[in-house]
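Counting from 4, one number per residue, gives the positions in the sequence shown under my numbering. Report on the structure given below.
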Amino acid sequence: MRKKRVVALILVALMLVTFTMLTGCSSSEPADASGGDQAGAPAQVGKDIEKEELKIAFIPLSTSGVACATATRGFETAIAAYPNIKLQVFDPQYDPSKQITMINECITQQYDAIIIEPMDPETVGNAIVEAEKEGIPVLALNLQVSTVHTVGVKGSDYMAGQVGAEELCKALNDKGNIVILDAPAAQMTSTRHSLGFNEWLEQNNKSGINILDYQNIEAWSLDNANQVMRDLITKHGDAIDAVFAASDDLALGAVQAITGAGKTGEILVWGCQGFPNALQAIKDGTMYGTSRMDDFVQCHSAMLVLLNHIQTGTTAQTAGYTQTPIVQTGAFACTKENVDEFI
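Next up, the structure:
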């Protein structure tokens with residue numbers, strides 16, 4: 004337990020140092036109303052995060068599933084020392100139009116900050132800009148928005164793909180057929196799991212590995228992944244040696260289909276994230292491994308970054324950003340050999 008805590012604290016420190024380097028913002032005092040640095044930029048007005056009543060909105064993809072619960076726990080832990088700060092979690096139910104409506108509600112209700120995990124990064128871009136114009140800092144989580152905003156925090160989806168490719172190649176002795184269960188089609192411009200996977204294979208000359216099939220899974224749904232995997236087993240039969248999935252939910256959906264087909268142990272399944280139920284499946288032997296990205300630490304750290312912006316009054320508008328600062332965490336392999344360290 005002590006080892007885990009030390010690693011987590013190191014990750015937090017690294018993320019905050021990276022953020023400081025990217026933005027050059029190190030003041031912990033609220034900014035004066037005259038603090039706008041660039042001509043024509045809105046005034047930069049900070050708030051006292053220890054005394055003022057503050058509201059922060061979290062708009063995830065959906066409130067269902069392990070990912071949202073883990074993220075919420077990370078956010079709430081970060082503000083536990085601030086009883087004056089309230090976190091409101093919205094449920095857009097995987098609907099980008101609802102996310103836009105919720106952002107607009109947050110603007111009307113004068114929230115002090117917004118955290119959003121965009122379902123469709125392009126669709127929500129204009130709403131995010133409007134929030135920033137009203138002095139509301141917006142933090143995009145995991146899927147980055149092309150319009151400039153205060154900050155983006157994401158796990159390394161590209162690295163997760165690389166880790167998955169390397170580990171499956173080792174397990175298959177560099178020869179076999181792999182199917183890929185990837186992000187929803189609408190999010191392919193901002194998720195890079197399969198890109199990292201495929202480019203690692205190319206860069207390391209793994210010509211013995213064949214991508215047998217590739218499917219986008221809508222809504223990151225375990226049930227959808229289960230059905231798609233059932234269809235793939237029917238289509239390809241015994242030809243499938245392994246599955247690379249862009250999230251643990253997709254991996255667990257594949258595990259269900261494989262178990263239902265009586266092929267447990269015959270098809271290796273690799274996920275991405277490190278959700279508790281995936282770690283248990285790895286321990287039980289039904290799932291081979293995952294590219295672990297610590298969502299709790301990531302979201303805890305994201306909240307600390309956001310509090311700094313609230314305190315200083317910094318948004319993309321007040322700071323005159325031409326690019327969104329990105330804080331990124333890493334990924335590493337979790338298999339049966341080391342899974343007990345994380346359960």
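Beta carbons: idealized from backbone N, C-alpha and C, even for Gly.
Can you list, in chain order, the stretches of the beta strand (DSSP E) that have 3 or more residues and sit fully within the stretch 199-244?
212-219
Output the boundary residues of the beta strand (DSSP E) element that contains Ala143.
141-144
Taking C-beta to C-beta, are Ala249 and Val272 nearer than 7 Å?
no
Please determine, among Thr194, Ala186, Val127, the residue with the shortest C-alpha to C-alpha distance to Ala228.
Ala186
At 3 residues or longer, what runs of the beta strand (DSSP E) sit wholly inside the stretch 236-289?
245-248, 271-276
Starting from the C-beta of Thr325, find all residues in its chain whose C-beta is less than 8 Å away, skip the five residues before and the five after it, and write them out in chain order.
Val151
When the distance is taken between beta carbons, is Leu310 closer than 7 Å to Ile52?
yes
Going by DSSP in three states, Phe299 sits in which element: helix, strand or coil?
helix
Shortest alpha-carbon distance to Gln113 belongs to which of Pro99, Pro124, Ile103, Ile139?
Ile139
Cα-Cα separation between Ile236 and Ile183, rounded to whole angstroms
13 Å
Determine the contact status of Pro99 and Asp123, defining contact as a CB-CB distance below 7 Å.
yes
Can you pull the DSSP bridge partners for Leu90?
Ile59
Alpha carbon of Gly316 to alpha carbon of Phe345, nearest angstrom:
37 Å
Go through its chain and collect everything with a Cβ distance to Cys172's Cβ below 7 Å, but skip five positions before and after it.
Lys209, Ile212
Which listed residue (Ile59, Val246, Glu340) has its alpha carbon closest to that of Asp216:
Val246
DSSP state of Gly292 mapped onto helix, strand, coil
strand
Assuming contact is defined by CB atoms lying nearer than 7 Å, are Thr126 and Ala319 in contact in what I supplied?
no
Could you check whether His196 and Cys71 sit closer than 7 Å to each other, using their CB atoms as the reference points?
no
From Leu90 to Leu253, what does the alpha carbon distance come to, in whole angstroms?
28 Å
Are the CB atoms of Ala188 and Asn219 within a distance shorter than 7 Å?
yes
Going residue by residue through the stretch 63-119, where are the continuous beta strand (DSSP E) segments of at least 3 residues, counting only ones entirely within it?
88-92, 116-119
Is the beta carbon of Ile243 sitting closer than 7 Å to the one on Ile270?
yes
Who are the Cβ neighbours of Asp379 in its own chain at under 7 Å, not counting the five residues just before and after it?
Because the chain is modelled from 4 through 346, residue 379 falls outside the range shown and cannot be assessed.
Residues that DSSP places opposite Ala336 in a beta bridge
Ser294
Return the CA-CA distance between Tyr291 and Glu340, expressed in angstroms with no decimal places.
10 Å
Run through DSSP, which three-state label would Asn180 get?
strand
Assigned exposure category for Gln206 - 16 Cβ within 10 Å defines buried
exposed
With a threshold of 8 Å on Cβ separation, who are the neighbours of Glu135 within its own chain once the five nearest residues in sequence on each side are excluded?
Val141, His152, Thr153, Thr318, Ala319, Gln320
I'd like the list of long-range same chain contacts for Glu55, defined as Cβ closer than 7 Å, with 5 residues on each side in sequence excluded.
Asn87
At least one CB of chain B closer than 7 Å to the CB of Glu135: is that the case?
Of the protein chains in the structure, only one exists, and it is not chain B.
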